[in-house]
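S.K.: This is the structure I have questions about; it appears just below.
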Amino acid sequence: MFVQRQGLVIWLYSLKQAKMLRRFGNVHYVSKKLKYVVLYCNQDELEVIMEKINSFSFVKKVEPSYKPFLKMEFENAAPDKAKEYDYKMGI
Numbered sequence: 377m378f379v380q381r382q383g384l385v386i387w388l389y390s391l392k393q394a395k396m397l398r399r400f401g402n403v404h405y406v407s408k409k410l411k412y413v414v415l416y417c418n419q420d421e422l423e424v425i426m427e428k429i430n431s432f433s434f435v436k437k438v439e440p441s442y443k444p445f446l447k448m449e450f451e452n453a454a455p456d457k458a459k460e461y462d463y464k465m466g467i
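The working numbering numbers the first residue of the sequence shown as 377 and each following residue consecutively.
Dropping the structure here:
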C-alpha cells in the first residue's frame, strides 16, 4: 500500500530552475544560501530520476540519501544507577 520513498540532494548552480524539479517528486526543502534542493521520490524509480536530473546543465551533483538503509534500532546502554534508584523511590 505504501510506496518506499527516498530523498535526493540536488546541488545547483542557480536556483532559478529549482521549481522545475517538482515534476520528479516532492520538493521538501530548498536552501538559498547553499543552493541545494531536497527532493523525495519513489525508491524504485530513483536511478532513472537521478540520471535525468544529472543530465541538466544547471545541476552540479545529485546525491541519494542513505537513510532507508541505516539501522534505526539502537542498543540500550547500561542504565544509570542513580536514575534507577530515583525511580524506585518515586521521585
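Glycine is no exception: its CB is placed at the ideal position from the N, C-alpha and C atoms.
Predicted, not measured: the structure shown is a model, and the values here were computed from it.
Can you tell me the Cα-Cα spacing of residue 411 and residue 435, whole angstroms?
M.R.: Residue mapping note: residue 411 aligns to position 35 of the sequence shown, counting from 1. Residue mapping note: residue 435 aligns to position 59 of the sequence shown, counting from 1. Residue 411 and residue 435: Cα-Cα distance of roughly 10 Å.
S.K.: To which residues does DSSP link residue 410 through a beta bridge?
M.R.: Position 34 of the sequence shown holds residue 410. The partner list for residue 410 (beta bridge, DSSP) is empty, contrary to what the question assumes.
S.K.: Measuring alpha carbon to alpha carbon, tell me which of 379, 450, 394 and 447 ends up nearest residue 385.
M.R.: Here residue 385 corresponds to residue number 9 of the sequence shown, with the count starting at 1. Among 379, 450, 394 and 447, the Cα nearest to that of residue 385 is on 394.
S.K.: Return the first residue and the last residue of the alpha helix (DSSP H) that residue 424 is part of.
M.R.: For the purposes of this step, residue 424 is taken as the residue at position 48 of the sequence shown. Run containing residue 424: 422-430, per the alpha helix (DSSP H) assignment.
S.K.: On the DSSP bridge assignment, give the partners of residue 437 in chain order.
M.R.: One-based indexing of the sequence shown puts residue 437 at position 61. Paired residue(s): 387.
S.K.: Is there a C-beta anywhere in chain B that falls below 9 Å from the one on residue 411?
M.R.: Looking for chain B here will not work: only one protein chain is present.
S.K.: Kindly indicate which three-state DSSP category residue 380 falls into: helix, strand or coil?
M.R.: On the sequence shown, position 4 is the one that residue 380 refers to. DSSP places residue 380 in coil when its eight states are reduced to three.
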